[in-house]
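Numbering (the working numbering), first residue to last: 18 to 307.
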């Protein structure tokens, strides 16, 4: 695996700006309301790789006992990698890589012996995330040119390398990303672990009081339905959900409506504290580069 960089490899200004910075396409996509739908789409897509899904099922802390905590940790990881300082990002990367270390098993349906930190499995998870966040953003109406879409894929190479993927194998353009999925589709399937994971994503367990006294259930149902409906057609077919109740046109319309409704909420309420903190932090770094 690739060694994790040291904070000594960066200048103080680079540390403050993080690995992407305010002028990146990554900041634009990851701070948009469509990001939440893209994250759910990514989880559903990732579950279709039998070996990668087995690793989650076997070794992910809290996957069956406290799934909400696991989702929260995943969201915090992506947010810190995107908006944190490089020091903060490296801290969470080392924590996750440490959790992956020395975890190995055999996936029953394929018979493959694997380690959780195998580079091809890390690449699969990365590519699902990039493809999901980018495609969801574009369908939701985030203004992105083809060149900016390619730039996003290229920016995300650093995220893949940091977690341990082989840099030479990481797609750098939208076309390379599409070619990756074309090449791996024959390996994908809905295993029992994937079926259980998809059920959790689509209909997660919630305490009774949460369902009765809060809008959590209908809110999540909306996000989950959009996440599933925006999967590629081939992925919906693998799941046996070719339409999932919505046509591609209807799914896109629903996604755009969701985004517009979310954008009506003031940014100070809509955006997470880490995003607001990042904007304030980089403002202090601008004089350093003037």
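Backbone N, C-alpha and C define an ideal beta-carbon position, used for all residues, glycine too.
Assignment of beta-bridge partners to residue 124 by DSSP yields 129.
The beta carbon of residue 202 sits closer than 7 Å to the beta carbons of 251 from its chain, once the five residues preceding and following it are set aside; these are given in chain order. Going by C-alpha positions, residue 264 is about 37 Å away from residue 179. Contact annotation: residue 176 and residue 98 have beta-carbon atoms nearer than 7 Å.
Nearest to residue 122 by C-alpha distance, out of 74, 161, 163, is 74. Looking only at 159, 108, 181, 112, the smallest Cα-Cα distance to residue 143 is reached by 181. Residue 242 sits in a helix when the DSSP states are folded into three classes. C-alpha of residue 103 to C-alpha of residue 183: approximately 20 Å in a straight line. With fewer than three CB-CB distances shorter than 8 Å, the segment 111-129 does not count as touching the segment 153-169.
Relative to the Cα of residue 293, the nearest Cα in the group 130, 134, 146, 96 belongs to 96.
In the structure shown, the three-state DSSP call for residue 67 is helix. Per the coordinates, the alpha-carbon of residue 76 lies some 24 Å from the alpha-carbon of residue 149.
Within the model, the alpha-carbon separation for residue 240 versus residue 48 is close to 16 Å.
Relative to residue 107, the option among 31, 249, 210 whose CA is nearest is 31. Contact holds between the segment 50-64 and the segment 270-279, because three or more Cβ pairs, one in each stretch, are under 8 Å apart. The three-state secondary structure of residue 107, taken from DSSP, is helix. Counting of Cβ neighbours within 10 angstroms places residue 146 among the buried residues, the total reaching 16 or more.
For residue 76, the three-state secondary structure derived from DSSP is helix.
Just so you know, the alpha carbons of residue 287 and residue 129 end up roughly 43 Å apart. With 16 or more other CB atoms across the displayed protein chains lying within 10 angstroms of its CB, residue 167 is buried. Distance from the Cα of residue 71 is smallest, within the candidate group 269, 213, 296, for 213. Rounded to whole angstroms, the gap between the alpha carbons of residue 171 and residue 188 is 7 Å.
For residue 67 against residue 245, the beta-carbon gap comes to about 19 Å, at or over 8 Å, which does not count as contact. For residue 170, the enclosing alpha helix (DSSP H) covers residues 163-172.
Distance from the CA atom of residue 273 to the CA atom of residue 119, rounded to whole angstroms, is 43 Å. Cβ contact annotation for residue 256 (same chain, cutoff 7 Å, sequence separation greater than five): 207, 215, in chain order. DSSP places residue 135 outside both helix and strand once states are collapsed to three, so it counts as coil.
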